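Residue numbers (the numbering used here): 7 to 45. In this text, a Cβ means the ideal position worked out from N, Cα and C, and glycines have one as well. The model shown is predicted, which means the values in this text are computed figures rather than measured ones.
Structure below.
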């Protein structure tokens, strides 16, 4: 989970669009939930 969050931060930039930021705001908690359900 830390790796996924770290990768999202690494690939995010200061000058990305609002849609890009909104995607990660919504996607990261969903990825965590899917991983926790899979365990």
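Could you tell me how far apart the beta carbons of residue i and residue j are, in whole angstroms, since I believe they sit closer than 8 Å?
i, j, result
"residue 34", "residue 14", "6 Å"
Sorted by chain position, which residues of the same chain lie with C-beta nearer than 8 Å to residue i's C-beta, five sequence neighbours on each side aside?
i, result
"residue 27", "18"
CB residue i to CB residue j, shorter than 7 Å?
i, j, result
"residue 10", "residue 36", "no"
Once the 5 residues before and after residue i are set aside, which same chain residues still bring their CB inside 7 Å of it?
i, result
"residue 29", "none"
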